[in-house]
Amino acid sequence: MRKVLVIFGVIILIAGITIGVVVHDHPIFLKYLLGEASNLEKPINAKVYTDGRITNDIKVYKDIKYKNDYLLHLKNHDSTGMLEYIDIDLNYKFVGRTICSAKDCYDTINGDMFQSETGAIFADFKDDMKGFNFDPKLTFSDHEIKLTMPPHWLKFDSLRIELNNK
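All you need for the working numbering is the position in the sequence shown, starting with 1, plus 7.
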């Protein structure tokens, strides 16, 4: 009986240390375990063009909760931290920036994008207080999304996404 308790204790200790290490490196993982974050899974297969040139370092995620909602991860293009994540909601013709881009709001673990409840709140580009007071001129079809970006915030002014809806 004592051996069983020792083995059980060691298993609990190892599990606790493992979860602690993972949560330290990826704080959103604990939110995911507690139901306060969602897994957007891996990036979708899409071609992204900035200023007419193809780029491979912008990732496009489809929000699995909503049919026509896309999240762009622009880490290599954003120097301010304000536009690392951009939401495009085609149903509401909405383009917005996240109100939180910290590691406990967004994180990529093993290629999957995790988004917390706070990370899912966005400020409209058109809003003059929290946004940029800027019309992104969003146009879209079943296979393509086009928009412009606020000037001087990113390394590009226009964005086109070719969706592979197969």
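A virtual CB, placed ideally from N, CA and C, is assigned to each residue, including glycine.
(request) State the start and end residues of the unbroken beta strand (DSSP E) segment that holds residue 153. (result) Stepping through the sequence shown from its first residue, residue 153 is reached at position 146. It spans 151-155 - the beta strand (DSSP E) in which residue 153 sits, taken as one unbroken run.
(message) I'd like the list of long-range same chain contacts for residue 164, defined as Cβ closer than 7 angstroms, with 5 residues on each side in sequence excluded.
(response) Counted from its first residue, the sequence shown places residue 164 at position 157. Contacts found: 58, 155, 156, 158.
(message) Alpha carbons only, please: which of 87, 53, 61, 64 is nearest the one belonging to residue 77?
(response) Stepping through the sequence shown from its first residue, residue 77 is reached at position 70. Among 87, 53, 61, 64, the Cα nearest to that of residue 77 belongs to 53.
(request) Please state if the CB of residue 120 and the CB of residue 108 are separated by a distance shorter than 9 angstroms. (result) Along the sequence shown, one-based indexing puts residue 108 at 101. Along the sequence shown, one-based indexing puts residue 120 at 113. Not in contact: residue 108 and residue 120 (Cβ atoms no closer than 9 angstroms).
(request) Measure from the alpha carbon of residue 104 to the alpha carbon of each residue in 23, 111, 49, 85, then state which is nearest. (result) Working through the sequence shown from its first residue, we reach residue 104 at position 97. The option with the nearest alpha carbon to residue 104 is 85.
(message) Using a Cβ-Cβ cutoff of less than 6 angstroms, which residues in the same chain neighbour residue 118 once the five nearest sequence positions on both sides are dropped?
(response) Reading the sequence shown from its first residue, position 111 is the one you call residue 118. Taken in chain order, the residues that qualify are 49.
(request) Would you check if there are 3 or more beta carbon pairs closer than 8 angstroms linking the region 60-79 to the region 90-103? (result) yes
(request) Taking residue 69 as part of the alpha helix (DSSP H), name the residues at either end of that continuous run. (result) Looking up residue 69 in the sequence shown gives position 62. Counting along the chain, residue 69 falls outside any alpha helix (DSSP H), though it belongs to the beta strand (DSSP E) covering 66-69.
(message) Would residue 151 and residue 170 qualify as a contact pair, given that the criterion is a beta-carbon distance under 9 angstroms?
(response) If you number the sequence shown from 1, residue 151 lands on position 144. If you number the sequence shown from 1, residue 170 lands on position 163. Yes, the Cβ-Cβ distance between residue 151 and residue 170 is below 9 angstroms.
(request) Taking residue 6 as the reference, give the member of 18, 20, 27, 34 with the closest Cα. (result) What is shown of the chain runs 8 to 173, which leaves residue 6 out entirely.
(request) Apply the 10 Å Cβ neighbour rule to residue 110 and answer buried if 16 or more other Cβ atoms are within range, or exposed otherwise. (result) By one-based count along the sequence shown, residue 110 stands at place 103. So residue 110 counts as exposed.
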